[in-house]
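Shown next, in structure tokens, is the structure this report addresses.
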Amino acid sequence: MIYPDSRCGNWIKGLLALNWAARYPFQIGTNTLSTPPYIAGCLFTVLVGIYSDKLKKRGPFVLACATVAIVGYSILYATPRERPGVSCAGKVIAACGTFPSIAVVLAWTGGNAGGDVKRGVALALTIRVANLGGVCSSFIYRSKDSPRFLIGHGTVIGGLLLAIVLSCVAM
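Everything in the sequence shown is counted per this note's numbering, starting at 964 for the first residue and increasing by one.
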């Protein structure tokens, strides 16, 4: 379950600056345009973490976050190059869904493993598998597909749907 979520998190990190640079290659400050998704993702991660701890439930929050991320990536998939404002909104929505789900899945994994050693090994394996997302992202978000990245966004949507199915099975 962490693998589809983490792939999306790794892909969005590289996508933000790359996509703005592809749309506006000669403007200074394209990296600055990638900060709103990070800020929104951070705020949503804190809020989702607080409420998931308060309710002591992880699965429904993973489902909700993955659904929000699917909406964001669907906007990115459907947005033409001429609409950068809509694309920015899609990136913010995708970040608001992707970043919290990774944190909640890590908390879910740590909470379900009994004993200190088992918990440590479970979290280490989860993070190790999650880091494979960085490898996958370099093959799916290809520079020749810039700036729309239809193959990459479609693959992320599929990974998020897989995360929803696996979360339903695990609950």
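The beta carbon of each residue, even a glycine, is placed where N, CA and C say it ideally should be.
Since this is a predicted model, take the numbers as computed values, not measurements.
Between Gly-1035 and Lys-1054, which are expected to be in contact by the criterion C-beta below 8 angstroms, what is the C-beta distance as a whole number of angstroms? 7 angstroms
Can you say whether Leu-1095 is buried or exposed, counting buried as having 16 or more other CB atoms within 10 angstroms of its CB? exposed
What's the gap between the Cα of Pro-1045 and the Cα of Val-1080? Note that residue 1045 corresponds to Glu in the displayed sequence, not to Pro. Roughly 52 angstroms between the two C-alpha positions.
Euclidean distance between Cα positions of Gly-1004 and Leu-1026: 16 angstroms
Cα separation between Leu-1069 and Leu-996? 29 angstroms
So, with DSSP's three-state summary, where would you put Gly-1096? helix
Report back the beta-carbon spacing between Ala-1032 and Leu-1123 to the nearest angstrom; my notes put them in contact at under 8 angstroms. 5 angstroms
By the three-class DSSP mapping on this structure, what secondary structure does Lys-1081 have? helix
Shortest alpha-carbon distance to Pro-1110 belongs to which of Met-1134, Asp-1016, Leu-1039, Val-1011? Leu-1039
Which of the three DSSP states, helix, strand or coil, is assigned to Ala-1076? coil
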